[in-house]
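Per mature numbering (1 follows the signal peptide of the UniProt record, and there is no 0): the sequence shown = residues -24 to -1, 1 to 478. Here a beta-carbon is modelled for each residue, glycine too, at the ideal position from N, C-alpha and C. On a predicted model such as this, the values are computed, not experimentally measured, just so you know.
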Amino acid sequence: MKNSSFRAAIAAVALLSFTPAVSAAPAKGDAPVTEAELAAHIKILADDAFEGRAPGTEGEDRTIAYVVGEWAKAGLEPVPGSATPWVQPVPFVETQALGGTAKFKVNGREIVPGDDGIILTGRDASVALADVPALFVGYGVDGAGQVNADVKGKLAIMLFDNAPFGDKLPRYRERRQMLADAGASAVLVVSNGAVPWPALRESVGGKYVRLASAKPGAPVSGFFSPEGADALLKAAGQDGAALREAAKSPDYKGAALPVTADFTAESAVRPFASHNIIAKLPGAKPDGKAVLFLGHWDHLGICAPEGEADRICNGAVDNASGIAVLIEIAKRLGQGVRPDRDIYFMATTAEEKGLLGAHWFADHPVVPLSDITVALNVDTIAISPRGTPVATIGRGKPAYDAMVREEATRLGRTLDEDGEADAFIQRQDGWALGAKGVTSLMVGGSFSDMKLLEAFLGSDYHRPADAFSDKIPLGGAAEDADLHVALGRAFADTKRWPGTAE
């Protein structure tokens, strides 16, 4: 991010903070959110001028200026006492792979996998490792969620898929980090083939971003293709299918391989800062509890290689649509009858990099996490048409579930309770807050119709094709926005909602 550009954006934002809050107007009800209102915001946020809203770019500056401008007009205010009004700086380190090599020795025989078999990245600017013993660790953890083998100084070969045993075990990124924390010199994850190898290579070979405060990963990390992993295992006298089957046991302890590895990796390393955008709607009768609305503003930026006709991943559905909904929720709550409790709005950074902005907020909250009675996350909301049933990611607490049911029913919505949406609980910002004890829900139709969602995930998702178009279905998003306005009022009502419940 260019410092002068960002300072100019913050200066403009600071001026907005002195705009008088819009006075509450008596109203019998909130005006329904329209498709046209959402489309207007999405069209701006997904415009090429925002360059795909990648953290640490001029696209971020434009995003901050637009979101803060809209929230200020709605009557929101910067969080009192903040050293950086409207924004929360989040420090990152960006690493981009420049090149690497891998050579394996099996009983004196040298094996050099091709580009179709392995992808490497280095943690530091330059890494060189020699004669690293290899170990197949299955899922990397046992049934209790603990590292399942002695990996210190070794290459740990780990499966990508979630373990078929245990309860709420860590996903592959967390398991990979656990192996690094346990001293692994290298961690190679065996791809499950769900992401095409060229797409995976492009993603891993791009810019990897982590929190500056995060634990460092292993010196070398990367991916094996399923075929590449099986070829190495076969050369080592092992059967890949048999090893994967054995790894399904919660007591699996890994298998040492008669393999050593040599690695080199070169990377460009850059520290930078990005920002969560945070605002407050002061309550009319604050009682020390608060409601938090959140959604991520970031996307993938300029994502296609030079020479492509369209290089920008604009992120119209994911997640300009969610930010559009947050803006319209803010307008209804800020300009209508003022809710009892304080309501916070947060647009997070680096969700696409692993929920990093949300994790930073959870570790450095500008409002005590114990004060947040519920967090309502809005993400990828422009998927379904009007009339789609309401699914809830994060359900399971009866009082919260009852409130969602009551408000959805009042608005003429039906509930989808088949549980399919639960598969996405760890893939959205609410997960970072839930890990800290904050009840976090994602409510709406987008994660109800799996056929529509899977169609998006298998086509436009994380591609330049996710651009603004009249074909984006905004009817369901408008209905979900109305539901969130209702939920915001319900959870902020000191008479209807006590502030804590299970």
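- Task: If I'm right that Pro109 touches Ala249 with Cβ under 8 Å, what's the distance once you round it to whole angstroms?
- Result: Contact doesn't hold; Cβ gap of about 39 Å is too wide.
Task: Cβ neighbour criterion (16 or more within 10 Å) applied to Ser102 - done: Only exposed fits Ser102, as fewer than 16 other CB atoms lie within 10 angstroms of its CB.
Should Ala3 be labelled buried (16 or more other beta-carbon atoms within 10 Å of its own) or exposed?
A caution first: Ala3 carries a pLDDT of 41, below 50, which makes its placement in the model too unreliable to give a value.
inquiry  = Considering Cα atoms alone, identify which of Phe321, Leu111, Asn168 and Asp137 is closest to Glu232.
reply    = One point to set straight first is that residue 232 is Ala, not Glu, in the sequence displayed. Of the listed residues, the one whose Cα sits closest to Ala232 is Leu111.
In whole angstroms, give me the CA-to-CA distance for His438 and Glu178. Between the alpha carbons of His438 and Glu178 lies a distance of about 12 Å.
**Distance, Asp456 Cα to Ala22 Cα** = Each residue's Cα considered, the two are about 20 Å apart.
TODO: Grab me the residues of Asp238's own chain with a C-beta within less than 6 Å of its C-beta, minus the 5 sequence neighbours each way, in chain order.
DONE: The answer, listed in chain order, is Lys79 and Ala106.
Burial state of Asp227, where buried means 16 or more other Cβ atoms lie within 10 Å: By the 10 Å Cβ count, Asp227 comes out exposed.
- Item | Distance between beta carbons of Ile369 and Ser297, contact taken as under 8 Å | No, Ser297 and Ile369 are not in contact; Cβ-Cβ is about 16 Å, not under 8 Å.
Counting only runs of 3+ residues fully inside the region 19 to 69, write out the beta strand (DSSP E) ranges in chain order.
Fully enclosed beta strand (DSSP E) runs of no fewer than 3 residues are not present anywhere in the region 19 to 69.
So, Thr325 versus His275, is the Cβ gap smaller than 8 Å? No.
Report task. Would you tell me roughly how many angstroms separate the C-alpha atoms of Gly214 and Met154, rounded to the nearest one? Result -> Before going on, a small fix: residue 214 reads as Gln here, not Gly. Roughly 25 Å between the two C-alpha positions.
Three-way DSSP call (helix, strand, coil) for Phe136 in this model
Residue state, collapsed to three classes: coil.
Nearest-angstrom Cα separation, counted from Asp100 out to Ala160
Roughly 15 Å between the two C-alpha positions.
* Asked: Skipping 5 residues on each side, what residues in its chain have a beta carbon closer than 8 Å to that of Arg386?
  -> Here the set comprises Ala462.
Using a 10 Å radius around the Cβ and a threshold of 16 neighbouring Cβ atoms, would you call Asn353 buried or exposed? Around the beta-carbon of Asn353, 16 or more other beta-carbon atoms lie within 10 Å, marking it buried.
Check whether the region 252 to 264 touches the region 332 to 344, taking contact to mean three or more Cβ pairs, one atom from each stretch, closer than 8 Å. Result yes; three or more Cβ-Cβ pairs closer than 8 Å.
message = Under 8 Å, with one C-beta from each stretch per pair, do the region 261 to 275 and the region 80 to 100 reach the 3-pair mark?
response = Cβ pair count under 8 Å is below three, so no.
Buried or exposed (CB count within 10 angstroms, at least 16 for buried), Asn124 = Classification for Asn124: buried.
>> In the DSSP output, what is Glu383 paired with across the bridge?
In response: Beta-bridge pairing links Glu383 to no other residue.
Between Gly310, Asp91 and Ala139, which lies nearest to Ala222 when the distance is taken from Cα to Cα? The alpha carbon of Ala222 has as its nearest neighbour, out of Gly310, Asp91 and Ala139, the alpha carbon of Ala139.
Residues bridged to Val366 [DSSP beta-bridge criterion]: For Val366, DSSP records a beta bridge to Leu391.
Less than 8 Å between the C-beta atoms of Ile94 and Val180, yes or no?
Going by beta carbons, Ile94 and Val180 fall outside the 8 Å limit.
Can you list, in chain order, the residues of its chain whose CB lies under 6 Å from that of Ala338, leaving out five sequence neighbours each side?
Annotation for Ala338: Ala408, Leu409 and Lys412 place their beta carbon closer than 6 Å to its own, counting only its chain and skipping 5 residues before and after.
- Item | Residue environment, Gly204, which counts as buried when at least 16 other CB atoms sit within 10 Å | By the beta-carbon neighbour count (other beta carbons within 10 angstroms, threshold 16), Gly204 is buried.
Notebook entry, point to check: Short check: CB of Asp143 to CB of Lys191, under 8 Å?
Noted result: Judged by their CB atoms, Asp143 and Lys191 are not nearer to each other than the 8 Å cut-off.
Can you look up Asn290 in the DSSP assignment and give me helix, strand or coil? Correct three-state label for Asn290: coil.
*Meets three-Cβ-pair contact criterion under 8 Å: the region 282 to 299 and the region 342 to 351*: The region 282 to 299 vs the region 342 to 351: no contact.
Quiz prompt | Proximity winner among Arg308, Thr236 and Val419, relative to Ile401 (alpha-carbon distances) | solution = Nearest of Arg308, Thr236 and Val419 to Ile401, Cα basis: Val419.
**Message:** Considering only DSSP beta bridges, list what Phe112 is partnered with.
**Reply:** Under DSSP, Phe112 shares a beta bridge with Ile133 and Ala231.
_Let's test the definition: count the other Cβ atoms within 10 Å of the Cβ of Ser189 and tell me whether it reaches 16, buried, or not, exposed._
Exposed, by the Cβ-count rule.
Residue range of the beta strand (DSSP E) that includes Ile299:
According to the DSSP assignment, Ile299 belongs to no beta strand (DSSP E) but to the alpha helix (DSSP H) extending over Ser297 to Gln311.
### Task
For Val165, count neighbouring C-beta atoms within 10 Å of its own C-beta (all shown protein chains included) and say buried if the count is 16 or more, exposed if not.
With 16 or more Cβ atoms within 10 Å of its Cβ, Val165 is classed as buried.
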